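Quick note on numbering: the sequence shown equals residues 4 to 154 in this note's numbering. We treat Cβ as the ideally placed atom computed from N, Cα and C, and that holds for glycine. In this text, all values refer to a predicted model and were calculated from it rather than measured experimentally. Here's the structure we're looking at; comments come further down.
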Amino acid sequence: MGKLFRTVFLVDLLQGLWVTFRNQNPKFIYTEQYPAERPKVAERYRGAPRLNIKPDNGETLCIACNLCALACPETLIVVGSERNEATRRKELTEFTYDTSRCMFCGLCEDACPVDALELTQDFEMASYTREGAIWDRQMLEEGPKPTQYRN
Ligand code: SF4
Ligand code: SF4
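Now the structure itself:
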């Protein structure tokens, strides 16, 4: 009898609809409307790499010591340098970073003695090609430029 009653009066269906209706309150909505709404990432999040420059003259902070490349367990960083005969210092000529192989462990960042290499809070690093995931010095200094969508 009970089963017949539930079937005739669609009790199970109505119970299911009631659960759905109860959760229509906006405070139960957890979906982020990305990319219109951008998520807040944790303060210590390790994302896109950046090669820092001096803000006053735009010169790189990197001293081409190669410690980041040696610290990387994936050996994905390549640092190119040449000796300046006038100053007798090594100068950075190229810097490549293969983001497709990076596990964002931060060992390279920790190894850098002059805080030149930094893993930032930027997380939009997608690329249509594998080559696009290999960042050169210019891209590392400029940083990613994701499209900003608005509501
Ligand atoms: S974060 Fe880790 S895996 Fe990525 S480049 Fe640095 S040391 Fe290598
Ligand atoms: S450890 Fe720092 S200073 Fe040395 S090569 Fe890497 S980014 Fe440049």
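Is there at least one Cβ from chain C nearer than 8 Å to Thr10's Cβ? The structure shown has no chain C; it contains just one protein chain.
Going by beta carbon distance, what residues of the same chain come within less than 8 Å of Ala74, once the five residues before and after it are set aside? Hits under 8 Å: Leu110, Cys111, Asp113 and Ala114.
Proximity below 8 Å, CB of Ile137 to CB of Asp101: A distance below 8 Å separates the beta carbons of Ile137 and Asp101.
At which residues does the alpha helix (DSSP H) containing Leu122 begin and terminate? Per DSSP, Leu122 belongs to no alpha helix (DSSP H); it is in the beta strand (DSSP E), Leu120 to Leu122.
Asp15, DSSP secondary structure in three states: Looking at Asp15 - three-state DSSP - the assignment turns out to be helix.
DSSP state of Phe98 mapped onto helix, strand, coil: Strand, per DSSP.
Quick one: grab the DSSP three-state call for Val82. Reduced to three states, the DSSP call for Val82 is strand.
Could you tell me whether any non-hydrogen atom of ligand 2 is closer than 7 Å to the CB of Cys65? Indeed, a heavy atom of ligand 2 lies less than 7 Å from the Cβ.
Taking the alpha helix (DSSP H) that Leu110 falls in, what are its first and last residues? It spans Leu110 to Ala114 - the alpha helix (DSSP H) in which Leu110 sits, taken as one unbroken run.
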